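Residue numbers (the working numbering), protein chains in the order written: chain A, 433 to 527; chain B, 433 to 527.
Where a beta carbon is used, it is the ideal one built from N, C-alpha and C, also for glycine.
Remember, it's a predicted structure, so these values are computed and weren't measured experimentally.
Have a look at the structure below before the remarks.
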DNA sequence: ACTGGCTTGTCAAATTTTGTCAAATGTAGG
DNA sequence: CCTACATTTGACAAAATTTGACAAGCCAGT
């Protein structure tokens, strides 16, 4: 199961691009992109979109992974009730 | 489908307790409990536990609703990809 | 040892969240 | 209509979290 950061890193490496190049495109520090790829920091929605564009990736795919990461970090702290809570959230989603 | 706030309100009213009494027990302002019941503010984990105790409710039930609320508010901003992201998060949960 | 790419730790600034207060609104009885 | 009490609302300061930059460090390849 792949995270947003892992996916971004893979896309970037497939195109032999440097962190520096991605960073320049987003106008942020290289260190920040490094952290995003390693999952140490979350990207903002706008950053995800910009990355998708630069890496010629499907924006929706990356936004999906980005949201999945957020859900994961929400539930990971409550393993006891996570499954049941997910079920409830799913039901609400279907409306 | 019931939210944490709605559930708390129901429990409180069934026992004819006032917001003030719940607030006193948690040592917070009445306004805050009002906001929590109406979903305008999120309760903290510790507050949920204290409320469960005071209202003689099942702590796990309330924590489940509390987490479901958090998940819901995470996904509600991304309806386009919410469903798919939930699927991914679910898979990760099963590990 | 030098270079280039990446990582790490720390920090201040920006943003978000939290709880309180005071005022407003609602509600029921006299 | 008053009054008393419960709840809601909006504004605000304080607290907590997040954000991104910077500088120093690490690690290969040469």
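Buried versus exposed call for residue i [16 or more other C-beta atoms within 10 Å across all chains shown]
i                      : result
residue 501 of chain B : buried
residue 499 of chain B : buried
residue 463 of chain A : exposed
residue 478 of chain A : exposed
residue 423 of chain A : Lying outside 433 to 527, the shown extent of chain A, residue 423 of chain A is not represented and no answer is given.
Residue i (DSSP reduced to helix, strand or coil)
i                      : result
residue 499 of chain B : helix
residue 433 of chain A : coil
residue 448 of chain A : coil
residue 489 of chain A : coil
residue 577 of chain A : This structure gives no information on residue 577 of chain A, because the portion of chain A shown stretches from 433 to 527.
residue 467 of chain A : helix
residue 527 of chain A : coil
residue 509 of chain B : coil
residue 504 of chain A : helix
residue 454 of chain B : helix
Beta carbon of residue i nearer than 9 Å to that of residue j
i                      : j                      : result
residue 517 of chain B : residue 509 of chain B : no
residue 481 of chain B : residue 440 of chain B : no
residue 513 of chain B : residue 434 of chain A : no
residue 454 of chain A : residue 444 of chain A : yes
residue 458 of chain A : residue 483 of chain A : yes
residue 485 of chain B : residue 447 of chain B : no
residue 521 of chain A : residue 507 of chain B : yes
residue 504 of chain B : residue 524 of chain A : yes
residue 471 of chain B : residue 436 of chain B : yes
heavy atom of the ligand FAD below 8 Å from residue i C-beta
i                      : result
residue 478 of chain A : You won't find the ligand FAD in this model; it holds no ligand whatsoever.
Can you pull out the residues from the segment 470 to 493 of chain B whose beta carbon lies closer than 7 Å to at least one beta carbon of chain A?
Using a CB distance below 7 Å, the part of the segment 470 to 493 of chain B facing chain A consists of 492, ordered along the chain.
By the 8 Å beta-carbon criterion, what residues does the segment 506 to 518 of chain B contribute toward chain A?
Across the segment 506 to 518 of chain B, CB contacts with chain A closer than 8 Å involve 506, 507, 510, 512, 513, 514, 515, 516, 517 and 518, in sequence order along the chain.
Using a Cβ cut-off of 8 Å, which residues of the segment 434 to 463 of chain A contact any Cβ in chain B, in chain order?
So the list is empty, because no residue satisfies the distance condition.
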